[in-house]
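Adding 15 to a residue's 1-based position in the sequence shown gives its number in this note's numbering. A quick write-up on the structure given underneath.
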Amino acid sequence: MAPLRICFLASEVAPFAKTGGLADVAQALPAHLAERGHDVRVFMPLYSVIDTEKHELKPVDFLQGVQVRLGSYVFAFSVFVGRAPGSEADVYFIHCPQLYHRDGVYTGEWDEHLRFALLTRGTLECCQRMGWSPDVFHCNDWHTALLPLYLETIYDWDDLFARSKTVLTIHNIAYQGVFPAEVIDNLGLAEHRHLLFQEDLKQGAVSFMKSGVLYADVVTTVSRTYAREIQTEAFGMGLEALLRERSGSVLGIVNGVDYSQWSPENDSLIPHNYGIDDVAEGKAKNKAHLLAEANLQAVSTEDVLAEDVLAEDSAPVIGIVSRLTSQKGFELTYEALPEALRYLDVRAVILGSGEGGIEDHFHWLQRTFPQKVSFYNGYNNELAHLIEAGSDIFLMPSRFEPCGLNQMYSLKYGTVPIVRQTGGLADTVELFDPATGTGTGFVFEHYDATGFAWALKTALETYSDRPTWEKLRANGMKKDFSWQRQGAEYEDLYARLVG
Ligand code: ADP
Ligand code: GLC
Numbered sequence: 016m017a018p019l020r021i022c023f024l025a026s027e028v029a030p031f032a033k034t035g036g037l038a039d040v041a042q043a044l045p046a047h048l049a050e051r052g053h054d055v056r057v058f059m060p061l062y063s064v065i066d067t068e069k070h071e072l073k074p075v076d077f078l079q080g081v082q083v084r085l086g087s088y089v090f091a092f093s094v095f096v097g098r099a100p101g102s103e104a105d106v107y108f109i110h111c112p113q114l115y116h117r118d119g120v121y122t123g124e125w126d127e128h129l130r131f132a133l134l135t136r137g138t139l140e141c142c143q144r145m146g147w148s149p150d151v152f153h154c155n156d157w158h159t160a161l162l163p164l165y166l167e168t169i170y171d172w173d174d175l176f177a178r179s180k181t182v183l184t185i186h187n188i189a190y191q192g193v194f195p196a197e198v199i200d201n202l203g204l205a206e207h208r209h210l211l212f213q214e215d216l217k218q219g220a221v222s223f224m225k226s227g228v229l230y231a232d233v234v235t236t237v238s239r240t241y242a243r244e245i246q247t248e249a250f251g252m253g254l255e256a257l258l259r260e261r262s263g264s265v266l267g268i269v270n271g272v273d274y275s276q277w278s279p280e281n282d283s284l285i286p287h288n289y290g291i292d293d294v295a296e297g298k299a300k301n302k303a304h305l306l307a308e309a310n311l312q313a314v315s316t317e318d319v320l321a322e323d324v325l326a327e328d329s330a331p332v333i334g335i336v337s338r339l340t341s342q343k344g345f346e347l348t349y350e351a352l353p354e355a356l357r358y359l360d361v362r363a364v365i366l367g368s369g370e371g372g373i374e375d376h377f378h379w380l381q382r383t384f385p386q387k388v389s390f391y392n393g394y395n396n397e398l399a400h401l402i403e404a405g406s407d408i409f410l411m412p413s414r415f416e417p418c419g420l421n422q423m424y425s426l427k428y429g430t431v432p433i434v435r436q437t438g439g440l441a442d443t444v445e446l447f448d449p450a451t452g453t454g455t456g457f458v459f460e461h462y463d464a465t466g467f468a469w470a471l472k473t474a475l476e477t478y479s480d481r482p483t484w485e486k487l488r489a490n491g492m493k494k495d496f497s498w499q500r501q502g503a504e505y506e507d508l509y510a511r512l513v514g
């Protein structure tokens, strides 16, 4: 297809700033599109956590001291540019210390709306100064969801954008960017109040995400199942009616995986690389390393082969890498996991941070089973990779999951996922059927502890049946969720939009 100009906006992009899967997607999809020959430019804030020297970011000389008026505020910003390793997509960083020099990527502070309104307006201002006319603006989540409305209002005079189309991808509908209606003036939208969602205004609120859903040419989300789910009351979080009204323009595209980062064959962060042909040995070595790293009881001596390599049938290791929020469903594990740890020879390595109650539970689990459980409470990319490589079973019992990346990473690393049948988990993991030898993981349907307990028990039983486990593991490793496959759906979408 003819190369397109694609302007991609995101609040987080790996490896510069990351809190979750959005950053992985915002790194890998633009990189893939650039590799396909498109002119892709990514825009994100220059948070204080981003080290400009380490990432070799350079100031853009014609984008210095750019001013943007947001109601009664005038912000001045400058721009840096750089690239993620191995990527040909330019990433432009909006440098406005007043707004972005904070402790984290996101804040609960009073001016959160301004931080992301500036990212959105700043992107448009940069395009103007570059004289660059995007065929497609690809917005992600609430942070940049005002862009379609800005194009129809503040920037409607500019011919540069006359033919631009807009896509809004919803990565997580739980975060909508809802603010008190008073902020409208300082979003620069005072004269355009009538275009905002009127029922919210009556309630004294304004929602970034809703205006994105109203004005984007197409709304996508990150799996087919989630695209259906968010049109229902159970998952739509108040946006279901609006999404149903636009259902002809709502589309699910399952995320891809960047296998240059997340595959055991070339993962530079794990001690032993392996592939499908030497998975048994590779996993055993990484497992020994993981257990040592996590300070867990190795395993009984008869399980240790020469060179400290664990035997294949040694105690199974259960891995978790996650934001610890109610979305992720870990409450379902609160009975079955301790029970398995009490009665069986299993280990658990847990990495994550988030809500206090969930962290407290995992701290308790570690105190109760100090030789069997290790909880790393924080963020650690290297450990995330080692857990994928060194675990046997990976837990994602999510209440809802727009796509989920870790289950796809797990499949490639031969780490069998236990997932609930929702969103992207339902689209990417198939229930294993021992009779036919098909399927890639353990999938339970209802959001209840019994479902999870069944899945865990079945997984542990299957683990001790080596030939069956090997078949299951190999099925997962053969799956291909690369962007080379999934990315085509975005290209088709852009091509249809641009016409
Ligand atoms: P979500 O975006 O909802 O958090 P995903 O499965 O899409 O879920 O993506 C999560 C990403 O964040 C994965 O790359 C995962 O490895 C990473 N991640 C989550 N928590 C941590 C953590 N504590 N330390 C390191 N990486 C983490
Ligand atoms: C969100 C979702 C997750 C998805 C990620 C990337 O954070 O919670 O399911 O994989 O975005 O799209």
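Cβ atoms here follow ideal geometry from the backbone N, Cα and C, with glycine treated the same way. Just so we're clear, the structure is a prediction, and the values are computed from it rather than from any experiment.
Just checking residue i against ligand 1 - is the residue's beta carbon closer than 7 Å to any of the ligand's heavy atoms?
i	result
Val361	no
Arg481	no
Ala399	yes
Ser337	yes
Tyr241	no
Tyr394	yes
Ser368	yes
Grab me the residues of residue i's own chain with a C-beta within less than 8 Å of its C-beta, minus the 5 sequence neighbours each way, in chain order.
i	result
Glu322	Caution is warranted here: a pLDDT of 44 is assigned to Glu322, below 50, making its placement in the model unreliable, and the coordinate value is therefore given only provisionally. Closer than 8 Å at the Cβ level, and outside the excluded window around Glu322, lies no residue.
Arg208	Ile199, Leu216
Asp174	none
Gln499	His47, Gly271
His378	Phe390, Asn392
Gln113	Phe90
Val324	Any reading at Val324 must be qualified, since the residue scores a pLDDT of 47, below 50, and its modelled position is unreliable; no value is offered.
Hey, would you say the C-beta of residue i is under 7 Å away from at least one heavy atom of ligand 2?
i	result
Gly439	yes
Glu416	yes
Leu37	yes
Asn546	Limits of the chain in this structure are 16 at one end and 514 at the other, which puts residue 546 out of reach.
Gly419	yes
Asn270	yes
Val40	yes
Val237	yes
Got a sec? Which residues, its chain only, sit under 6 Å from residue i by beta carbon, not counting five neighbours each side?
i	result
Lys343	Ser337, Ser413
Thr159	Leu24, Thr135
His400	Asp282, Leu284, Ile285
Thr240	Gly438, Ala441, Asp442
Ala249	none
Ser63	His116
Leu162	Thr135, Phe152, Cys154
Glu317	Note on Glu317: pLDDT 43, under 50, position unreliable in the model; the coordinate value appears next. If we look at Glu317 and ignore the five residues flanking it on each side, it has no Cβ neighbours.
Phe406	Per the sequence presented here, residue 406 reads as Ser, with Phe not at that position. Here the set comprises Val332, Gly334, Thr430.
Ala470	Ile433, Phe457, Phe459
Ser315	Bear in mind that the predicted position of Ser315 carries a pLDDT of just 47, short of 50, making it unreliable; the figure below should be weighed with that in mind. Contacts found: none.
Give the C-beta separation of residue i and residue j to the nearest angstrom, bearing in mind that I take them to be a contact with Cβ-Cβ under 8 Å.
i	j	result
His287	Asn301	5 Å
Gln422	Val444	6 Å
Arg362	Ala330	6 Å
Val120	Val57	So it is not a contact: roughly 15 Å between Cβ atoms.
Arg20	Asp150	5 Å
Lys427	Ser278	5 Å
Ser179	Leu166	7 Å
Val237	Val228	Contact flag wrong, Cβ pair sits at about 15 Å.
Ala464	Ala307	About 32 Å; that fails the 8 Å criterion.
Name the DSSP beta bridge partners of residue i, please?
i	result
Val193	Ser222
Asn392	Gly367
Ser238	Paired residues: none, contrary to the question.
Ile402	DSSP lists no partner for Ile402.
Asp448	Thr453
His110	Ser93
Gly334	Val364, Phe409
Met59	Phe108
Ile185	Thr236
Val265	Val234
Tyr88	Leu85
Pro279	Bridge partners of Pro279: none, in fact.
With a threshold of 7 Å on Cβ separation, who are the neighbours of residue i within its own chain once the five nearest residues in sequence on each side are excluded?
i	result
Leu72	Phe95, Val96, Gly97, Phe108
Leu356	Ala363, Phe384, Lys387, Val388
Asn155	Leu24, Ala25, Leu37, Ala41, Thr184, His186
Ala474	Ile408, Val431, Ile433, Phe457
Ser262	Gln246
Asp448	Gly454
When you compare the CB of residue i with every CB in chain C, is at least one pair closer than 8 Å?
i	result
Arg98	Checking the listed chains, one finds no chain C in this structure; it contains a single protein chain.
Can you find a heavy atom of ligand 3 that lies under 7 Å from the Cβ of residue i?
i	result
Asn155	By its list of ligands, the structure shown excludes ligand 3, since it contains just ligand 1 and ligand 2.
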